[in-house]
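Okay, structure first, notes after.
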Amino acid sequence: MKTLSNFLVGLVITLVILLFAVRLFAQIVPVPTSSIPANESGVCPSGTCDLPDTKIQALPLHSPSNWPADVNIDKQYKKPGYYKRRAHRFMKDERMAEAILYASYGLSLAKHKRDIKRLQAYVNQEVYDKSVAFLKDKETEYAGSINTFEGINSAYQVYMLLWHTRTLYLAESLIQRLSASKANITIQVGLAEKIQVLTTKLEEYRKLNAETYYQAGKTLLASASINDKFSYRRPYWYFVLSNQYVSDYKDASALAAQTREKATLYVLVPPTRLGRNVASRSFISALDEQIRAQLIPHVKSLPFLKITMNTSQADYLLTTLVSNWDLQYPGLVTESLEFEREEGEGDKKIVKKAIVKVYTKRVLASTTVNYEMVQRNKQVDHSGNTQSVYQWQTNWASMSSGSRDIVPRKIRVLTEKKQDKFPSKQFLFHESTNLSAYKIAMDMLPLLKRLGSKLSR
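Position 14 of the sequence shown, counting from 1, maps to -2 under the working numbering, and the rest follow consecutively.
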């Protein structure tokens, strides 16, 4: 009992630690960004040569007037200990403004001297001065971006500076509401004016970035070829980025829709063909439907690929050929099981025995399929073959001799049933081809994902 009690206590402690770790890492992420692939060749389009070579960073789609200026505190907890732990974590990571922000809110809730004393370790003049010094360092580091638009990274730096400034400003607001006994800190002034300046500057830079991506998209769109769908993919992302900086910027939304349509590859899964040695069965044609059903959930998130039923629209054909299918009946398998159990004691001790025969009948449906991914110009991009075997079986049993009551329940149940009827051939081959469809879909997915997302062949 004591061992069980110790185990339960340890389990509870472990769960509490895990919950605390999850809460701790679920902190405010100051700069979520959208990452979009850049030009694999490293060549920048005209007017966009300051774009990173590997990733194009776009600020999230939020109004610069209220985000990231609104730094939210998780206020669902009413105990100051939670905010002390958050402040400690921020302090450890040298995120002083966030540490003093959370500790100040914790102080506003604290009533006991012990809680107040613990939180005051994070709400004092020294921590506040370090927060101010950190902000000044950032202002010096980003001075170029604040004064002059130096490319797409300028908006990112102004964004960061605005977030840090707003965090410290919110902390100051909380400190000023605290009594002198809880926090006696000399607060500097001027952050509200800085926030207004940075907000205006960020809005200005967002428009400049939107224009940069918009013009880059227009430049590449002018040189795109209707015979090369990949040439429309980079313009599409540039128009998307333009809208991320400024919602509904010019006609970027319409151009993004047009370029995405022109960049999309369509894959057709035509009706399955049957080999010479395969007798015609109407249910075999379900293979192409099964492949489509397997592929669609995986490719629907790809920006530039769709499964189509329109032959004239198709850029690629995923052809399938059932080269062989077969049914095998291995025959009846019989297994004899013996059981025994002692009952009673002394002179009344007896041994009960039982013999049960278990019968198994199986049928195997096997399908062999050859498949290819073929372009319109007959070029084969990928090919393979797969053999799938679906096994159906029925089990039943009979008592040969002995006492039924000593037979295990799972065996005894078999003695109460009869042999199941074999399913139809249509069912068996449907299940077999369904296994083939899954294997083919999983084999084709890597190629389809490359075709549906890459910016060049």
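Glycine included, each C-beta is placed from N, C-alpha and C at the ideal position.
Residue i to residue j span [Cα, whole Å]
i	j	result
K202	R244	14 Å
M426	I280	12 Å
K59	L154	14 Å
L348	A206	59 Å
S350	P314	13 Å
E78	R69	14 Å
A81	M75	9 Å
I159	L91	9 Å
E319	G330	35 Å
K63	K166	16 Å
D404	V283	40 Å
F9	H96	Confidence at F9 is low in this model, with a pLDDT of 33, below 50, so the placement of that residue is unreliable and no value is reported for it.
Q242	K290	16 Å
V116	A94	25 Å
Sheet register partners of residue i (DSSP bridge)
i	result
R325	K336
M383	V340
G368	Y355
T378	K345
V373	S350
L249	L289
Sequence-distant residues of its chain with Cβ nearer than 6 Å to residue i (five each side left out)
i	result
A247	K213, Y216, R217, Y220 and F288
S372	T351, S416, L419 and S420
I339	E322, S384, S385 and G386
Proximity winner among the options, relative to residue i (alpha-carbon distances)
i	options	result
F223	I210, A200 and S209	A200
I136	L192, Q377, S385 and S320	L192
M293	T304, E329 and P254	P254
Y112	A241, H72 and E156	E156
I169	F413, I84, A176 and T196	I84
L412	G259, Q375, Q172 and L239	Q375
K345	T378, V358, D365 and K337	T378
I390	Y343, K337 and N227	K337
R257	T303, D235, A87 and R393	T303
Y198	H366, G128, L225 and P392	L225
Own chain partners of residue i with C-beta closer than 7 Å, once the 5 adjacent residues on each side are dropped
i	result
T370	V353, S420, K423 and I424
K401	W380
G368	Y355 and D427
Q274	T417, N418 and A421
V335	E324 and E326
L182	V142, L145, L146 and T149
G259	L305, V306, S307 and N308
Short CB-CB distance (under 7 Å) between residue i and chain D
i	result
N131	This model lacks chain D altogether; it includes just one protein chain.
Contacts around residue i, its chain only, beta-carbon distance under 8 Å, and the 5 residues preceding and following it disregarded
i	result
T295	L252 and P254
V364	E356, M357 and V358
Return the chain-ordered ranges of every alpha helix (DSSP H) run that is complete within the segment 255 to 323 and spans a minimum of 4 residues. Those alpha helix (DSSP H) runs which fall completely within the segment 255 to 323 and span 4+ residues are 270 to 283.
Whole alpha helix (DSSP H) runs in the segment 61 to 86 with 4 or more residues, listed along the chain? Runs found: 64 to 76.
Could I get the ranges of all uninterrupted alpha helix (DSSP H) runs contained in the segment 162 to 209, with 4 residues as the minimum, in chain order? Segments of the alpha helix (DSSP H) lying fully in the segment 162 to 209: 175 to 207.
Curious, which full-length alpha helix (DSSP H) runs of at least 4 residues does the segment 216 to 250 contain? DSSP runs (the alpha helix (DSSP H)) wholly in the segment 216 to 250: 217 to 229 and 236 to 247.
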